[in-house]
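Peer 1: Residues in the sequence shown are numbered from 958 upward in steps of one, following our numbering.
Here it is, the structure in full.
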Amino acid sequence: MANATLRIDLDAVLANWRALDAKSSAATTTGAVVKADSYGLGAGRVARALYRNGVRKFFVAVASEGAILRQELGDAAEIHVFSGHMAGDTDIIGDLGLIPMLNSIDQVTRHFEALPAAPFGVQLDTGMNRLGMEAGEWEAVAPIVLPAGPRLIMSHLACADEPDHPMNAQQLAQFHYMTDGLPVPRSLSATGGILLGPEYHFDITRPGIGLYGGLPFEEAQPVARLSLPVIQTREVAAGETVGYGNSWEAEIDSLVATVAAGYADGLHRALSGKATLWADGTPCPVVGRVSMDLITVDVTHLHEIPKTLDILCPDQGVDDLADVAGTIGYEILTSLGNRYQRVYSGGDR
Ligand SMILES: *Cc1c(COP(=O)(O)O)cnc(C)c1O
């Protein structure tokens, strides 16, 4: 089969969740962010494994992701929607008991008119200027919102992956100013915020990338392994070229393997001529351009041509590959295409 295999280690996801959970006190509940199909790794499988191991608070970006999750997890999971209550989402939110994180006075009005008895949370902006109510708006609606019993008040840090950045303390102070003394559970931190220390933890944390093996959680266990099948190999004589644009020319007589994956599968074209694939611990340089469905690799130095070459493996994690592509681990993961055969292991099945 010419489909590449994406192996997802659910035990590693669980170990990463436990390691992050252990960083805060027993008074803090650790949730899980499973938006964007669990960062491309499969929201259903990942969330079910977490749920079976005691996680109850889940976070998604949009209501339709929440609908899928409700089907996977059943009624007891608490599913929070970062984008809040958008026009057109009322039925999904009401019927499936999702918890929209209301972001604006408009959303408060919409929610209270359409679903007056339904659960909700509040998202505050503490300086990132992306999503949530600012201090003035919050002051105006708090007297209406608080008696209705929000499930959660949250905000999001802009610079949590830079521990020394002054923005962290600034947002922390603003979050205290906007929420101290309110009888509502609070949440400020994603993966980066958890690593900043206990004063950032509040009642609930919201790790995403750390669960999936990415920075800034340096101690994370790798979760994804991606193996690309070798379709054919060919001898390329010195002076011959490989691939689109003739961008690589063999200096010596070489052996080049063609593997089945390309930029349509999320292996960015920026990896052309730069990335490394791995044959059981031996590095093999990508030569020429990454094309839509194929990548060419110099395997001259291998004694035996393996059936597959790895692009994500213990030798090269998502952040290593991201560095080569000039991006971040988040984007490598969420770009992973839907042509891969996803194979799961672990997770207490
Ligand atoms: C994506 C996201 C998270 C998770 O962030 P990570 O850096 O992946 O841990 C948490 N909260 C909000 C609001 C988010 O958008």
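Don't be surprised by glycine CBs; every beta carbon is placed ideally from N, CA and C.
Since we're looking at a predicted model, the values are computed, not measured.
#1: So for residue 1266, helix, strand or coil by DSSP?
#2: Measure the C-alpha to C-alpha separation of residue 1133 and residue 1150 and round it to an integer number of angstroms.
#3: Please work out which residues of its chain come closer than 8 angstroms, Cβ to Cβ, to residue 1200, disregarding the five sequence neighbours upstream and downstream, and give them in chain order.
#4: Can you find the residues in the same chain that come closer than 6 angstroms, C-beta to C-beta, to residue 1128, ignoring five residues on each side of it along the sequence?
#5: Residue 1205 to residue 1198, Cα distance in whole Å?
#6: Hey, would you say the C-beta of residue 1167 is under 7 angstroms away from at least one heavy atom of ligand 1?
#7: Going by C-alpha to C-alpha distance, which of 1161, 1152 and 1154 sits closest to residue 1143?
#8: Would you kindly work out how many angstroms separate the C-alpha atoms of residue 1185 and residue 1101, rounded to a whole number?
#9: Report all residues from its chain with a CB closer than 7 angstroms to the CB of residue 1255; omit the five preceding and five following residues, and keep chain order.
#10: Measure the CB-CB distance between residue 988 and residue 1012 and report whether it falls below 8 angstroms.
#11: I'd like the ranges of any beta strand (DSSP E) spanning at least 3 consecutive residues and lying wholly in the segment 1228-1264.
#12: Grab the span of the beta strand (DSSP E) containing residue 1014 for me, first residue to last.
#13: Going by beta carbon distance, what residues of the same chain come within less than 8 angstroms of residue 1172, once the five residues before and after it are set aside?
#14: Can you give me the Cβ contacts of residue 1047 inside the same chain, cut-off strictly under 6 angstroms, excluding the 5 residues immediately before and after it?
#15: Output the distance between the C-alpha atoms of residue 1278 and residue 1228, rounded to the nearest integer angstrom.
#16: Evaluate residue 999 with the Cβ neighbour count: other Cβ atoms within 10 Å of its Cβ, from every protein chain shown; 16 or more gives buried, anything less gives exposed.
#17: So, using beta-carbon positions, are residue 1020 and residue 963 closer together than 8 angstroms?
#18: Using a 10 Å radius around the Cβ and a threshold of 16 neighbouring Cβ atoms, would you call residue 1260 buried or exposed?
#19: For residue 1218, which residues from the same chain have a beta carbon less than 6 angstroms from its beta carbon, with the 5 sequence-adjacent residues on both sides left out?
#20: For residue 1164, which of 958, 1283, 975 and 1298 has the nearest alpha-carbon?
#21: Spell out the partners DSSP gives residue 1186 in its beta bridges.
#22: DSSP three-state label for residue 1178, please.
#23: Considering only heavy atoms of ligand 2, does any lie closer than 7 angstroms to the CB of residue 1164?
#24: Using 8 angstroms as the cut-off, can you tell me whether the segment 1061-1071 makes contact with the segment 1022-1036, which would need three or more C-beta pairs spanning the two stretches below that distance?
#25: Roughly how many whole angstroms lie between the Cα atoms of residue 1267 and residue 1007?
#26: For residue 1281 and residue 1182, what's the separation of their Cα atoms in angstroms?
#27: For residue 1073, which of helix, strand or coil comes out of DSSP?
#28: Between 1159, 1087, 1088 and 1022, which lies nearest to residue 978 when the distance is taken from Cα to Cα?
#29: With which residues is residue 1111 paired in a DSSP beta bridge?
#30: What whole-angstrom Cβ distance do residue 1300 and residue 1168 have, given they're in contact under 8 angstroms?
#31: With H, G and I counted as helix, E and B as strand and the rest as coil, what does DSSP make of residue 1058?
#32: Could you give the residue range of the beta strand (DSSP E) that holds residue 1042?
#33: Using the beta-carbon count (16 or more within 10 Å), is residue 1086 buried or exposed?
Peer 2: The short version:
#1: strand
#2: When rounded, the distance between both Cα atoms is 15 angstroms.
#3: 1244, 1245, 1246, 1248 and 1253.
#4: 1083, 1084 and 1114
#5: 5 angstroms
#6: yes
#7: 1161
#8: When only Cα atoms are considered, residue 1185 and residue 1101 end up about 56 angstroms apart.
#9: 1211, 1213, 1241, 1242 and 1244
#10: yes
#11: 1233-1236, 1239-1242 and 1251-1255
#12: 1014-1017
#13: Taking residue 1172 as the centre and dropping the five residues before and after it, the same chain places the C-beta of 1118, 1166, 1276, 1285 and 1286 closer than 8 angstroms to its C-beta, in chain order.
#14: 1071
#15: 8 angstroms
#16: Under this definition residue 999 is a buried residue.
#17: No Cβ-Cβ contact shorter than 8 angstroms links residue 1020 with residue 963.
#18: Its Cβ having fewer than 16 others within 10 Å, residue 1260 is exposed.
#19: Contacts found: 961, 1185 and 1224.
#20: 975
#21: 1265
#22: coil
#23: This structure lacks ligand 2; the ligands present are ligand 1.
#24: no
#25: 27 angstroms
#26: 17 angstroms
#27: The answer is coil: DSSP assigns residue 1073 none of H, G, I, E or B.
#28: 1159
#29: Per DSSP, the beta bridge partners of residue 1111 are 1080 and 1144.
#30: Rounded, the Cβ-Cβ distance is 19 angstroms, inconsistent with contact.
#31: strand
#32: Looking at the DSSP string, residue 1042 is not in any beta strand (DSSP E), and its letter there is neither H nor E.
#33: exposed
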